[in-house]
Each structure stands twice: as structure tokens, then as C-alpha cells.
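A.B. asks: This is the structure I want to talk about, given as C-alpha cells.
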């Protein structure tokens with residue numbers, strides 16, 4: 005999805021730059037939309053990396069941690085793990 009946003013941004017920026025010669029208003033509009041797509045995709049990547057790197061510190065994965073702890077406790081109780 006992010007690659008699609010970057011592709012759309014590049015296409016809109018290229019068409020917008022070309023459109024400035026023939027349809028200035030339309031060209032500016034495409035340039036703005038292209039810049040918005042590029043900025044949105046960049047922010048999306050930054051947010052995803054932050055969540056993946058620091059998600060455990062933010063308490064986002066507490067359910068997974070609790071489930072793993074309960075599974076390990078059950079395995080110890082059943083004698084599958086010491």
C-alpha cells in the first residue's frame with residue numbers, strides 16, 4: 005500500500021510538473037496532491053517503524069505477552085516444559 009502511495013505521488017508530481025506548462029491550475033493541484041501522497045506515505049512508514057521498534061514499551065503488545073506467559077505456565081503444569 006505504501007509503494008502504491010509513492011507510485012501515485014511520483015506519477016502526480018510528474019504529470020503536475022508537465023501540466024504546469026499547459027494547465028497551470030491543474031498542474032499545481034496535481035503537484036499538491038503528489039506532495040501530499042509522498043508526505044503521507046513517509047509519515048506512515050515512520051509510524052509503522054516506531055510501533056514495531058517501541059511498541060513493547062508503549063504497552064501495545066501486553067495481550068501477546070500475557071498469552072505467552074499463560075501458555076508457558078500451562079505447559080509447565082502439564083509437564084511439557086520444566
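Numbering (our numbering), first residue to last: 5 to 86. All C-beta atoms in this analysis are idealised placements derived from N, C-alpha and C, irrespective of residue type, glycine included. Just so you know, these numbers come straight off a predicted model, no measurement behind them.
Cα-Cα, which of 49, 11, 29 is closest to residue 38?
C.D. replies: In the chain shown, the residue the question calls residue 38 occupies position 34. Answer by Cα proximity: 11.
A.B. asks: Measure the alpha-carbon distance for residue 53 versus residue 73 and round it to whole angstroms.
C.D. replies: One-based indexing of the chain shown puts residue 53 at position 49. One-based indexing of the chain shown puts residue 73 at position 69. So the two alpha carbons sit approximately 26 Å from each other.
A.B. asks: Look at the Cβ atom of residue 35, then the Cβ atom of residue 21, and state whether they are nearer than 8 Å.
C.D. replies: Sequence index remark: in the chain shown, residue 35 carries index 31 (1-based). Sequence index remark: in the chain shown, residue 21 carries index 17 (1-based). Yes, these two residues count as a Cβ contact at 8 Å.
A.B. asks: Classify residue 16 as helix, strand or coil using the three-state DSSP reduction.
C.D. replies: Counting from one through the chain shown, the residue named residue 16 turns up at place 12. Three-state result, residue 16: helix.
A.B. asks: Which whole-angstrom value is the C-beta distance of residue 30 and residue 23, which I expect to be below 8 Å?
C.D. replies: On the chain shown, position 26 is the one that residue 30 refers to. On the chain shown, position 19 is the one that residue 23 refers to. Contact flag correct, Cβ pair sits at about 5 Å.
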